[in-house]
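**Q**
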Amino acid sequence: MVNLIWAGMAIIGIVYAMFNGTMENVNQALFESADDAVTISIGLISVLVFWLGLMRVAEKAGMLRVLTNFFKPMVTRLFPEIPKDHPAMGYILSNFTANLFGLGNAATPMGIKAMEEMKKISGSDKASRSMITFLVINTSSLTLIPTTVIAIRMQYDSQAPTEIVGTTILATLVTSITAIIVDRLFYLRRVRKNRQ
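Counting in my numbering, the sequence shown runs from 340 upward without gaps.
1. Answer yes or no: does any C-beta atom of chain C fall closer than 8 Å to that of L417?
2. Pick from F418, I421, L383: whose alpha carbon is nearest that of N444?
3. According to DSSP, is G462 part of a helix, a strand, or is it coil?
4. Exposed or buried, which one is N533 when buried takes at least 16 other CB atoms within 10 Å?
5. Is the distance from the Cβ of F418 to the Cβ of T472 below 8 Å?
6. Considering A510, what are the terminal residues of the alpha helix (DSSP H) in which it resides?
7. State buried or exposed for A370, treating a residue as buried only when at least 16 other CB atoms are found within 10 Å of its CB.
8. Whole angstroms is fine: what's the gap from R404's alpha carbon to A427's?
9. May I have the straight-line CA-CA distance separating R416 from T501, to the nearest angstrom?
10. Output the distance between the C-alpha atoms of S372 and R531, rounded to the nearest integer angstrom.
11. Where are the alpha helix (DSSP H) runs, 4 residues long or more, that stay fully inside the stretch 400-462, in chain order?
12. Grab me the residues of T297's own chain with a C-beta within less than 6 Å of its C-beta, minus the 5 sequence neighbours each way, in chain order.
13. Do S479 and T506 have their CB atoms nearer than 8 Å?
14. Thinking C-beta only, is T378 closer than 8 Å to G441?
15. To the nearest angstrom, report how far apart A453 and I381 are at their CA atoms.
16. Beta-carbon within less than 7 Å of S488's beta-carbon, same chain only, minus the 5 sequence neighbours each way: which residues are those?
17. Locate the alpha helix (DSSP H) running through T486, then write down its first and last residues.
18. Taking the alpha-carbon positions, what's the L481 to G360 distance?
19. Looking only at its chain, what residues have a beta carbon closer than 8 Å to the beta carbon of F410, apart from the 5 residues adjacent to it on each side?
20. Give the DSSP-derived three-state secondary structure of A376 in the structure shown.
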């Protein structure tokens with residue numbers, strides 16, 4: 340569906356440019372945007388490789404294990420349906436840790452594996468309570484260090500590319516707490532409706 344929306348927007352823009360006589364501007368913007376996209380991608384690769392390498396060093400040094408143990412009590416309360424030693428819990432914790440450091444690309448495969456494991460636990464084609472909670476928390480922008488945004492700011496010669504870290508932490512706290520509260524409210528509402 341999203342593909343159709345993007346395709347529709349592109350077609351409407353091109354048709355409008357044809358009738359408006361600004362097709363030359365559209366062509367120029369297309370080529371400039373393609374050039375910018377390649378430049379930004381190359382800049383992002385270096386930052387992502389750095390942070391992924393740093394995560395690997397942290398994993399080998401046992402720091403990720405410490406973070407995992409720190410978050411485990413909170414995560415087991417958020418996902419009461421999942422046994423504490425189940426592989427899904429490990430994937431969830433890894434996903435959250437990668438997201439906290441702004442490594443969405445590294446977090447995505449772990450998130451997919453977590454969903455697969457949670458589906459095995461529920462044994463149903465419908466989304467379980469844990470799957471919904473996991474999705475809600477992931478969409479709430481769980482980030483402490485926004486490495487991708489910092490890389491883009493560095494690419495465009497920002498004077499202080501890391502100055503957004505404080506506001507990112509504040510935004511993460513607000514959105515994550517709000518997401519968990521809304522998730523719980525909808526869950527309790529569903530439970531009450533099923534009891535009636």
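C-beta: ideal position from N, C-alpha, C; glycine also. Every value quoted in this text rests on a predicted model; they were computed, and no experiment measured them.
**A** Looking at the atomic coordinates:
1. Among the chains in the structure shown there is no chain C, since it carries only a single protein chain.
2. Ranking F418, I421, L383 by CA distance to the CA of N444 puts L383 first.
3. DSSP places G462 in coil when its eight states are reduced to three.
4. Counting Cβ neighbours within 10 Å, N533 comes out exposed, since fewer than 16 surround it.
5. Their beta carbons are under 8 Å apart, which means F418 touches T472 by this criterion.
6. Annotation: the continuous alpha helix (DSSP H) that includes A510 extends over 504-534.
7. Correcting the residue identity first, residue 370 is Phe in this sequence and not Ala. The C-beta of F370 has fewer than 16 other C-beta atoms within 10 Å across all chains shown, which makes the residue exposed.
8. Roughly 16 Å separates the two Cα atoms.
9. C-alpha separation (whole angstroms): 33 Å.
10. Roughly 52 Å between the two C-alpha positions.
11. With a minimum length of 4 residues, the continuous alpha helix (DSSP H) runs that stay inside the stretch 400-462 are 402-417, 426-439, 443-461.
12. The question about residue 297 has no answer here: the residues shown for the chain are numbered 340 through 535.
13. With a cutoff of 8 Å on beta-carbon distance, S479 and T506 are scored as not near each other.
14. Not closer than 8 Å, so no.
15. When rounded, the separation of the alpha-carbon atoms in A453 and I381 is 30 Å.
16. For clarity, residue 488 is Val in the given sequence; the question names Ser instead. Once the five neighbours on either side are set aside, the close Cβ partners of V488 are I503.
17. First-last of the alpha helix (DSSP H) with T486: 486-494.
18. Taking the Cα positions, L481 is about 45 Å away from G360.
19. Answer for F410: L432, F435, T436, listed in chain order.
20. Helix at A376.
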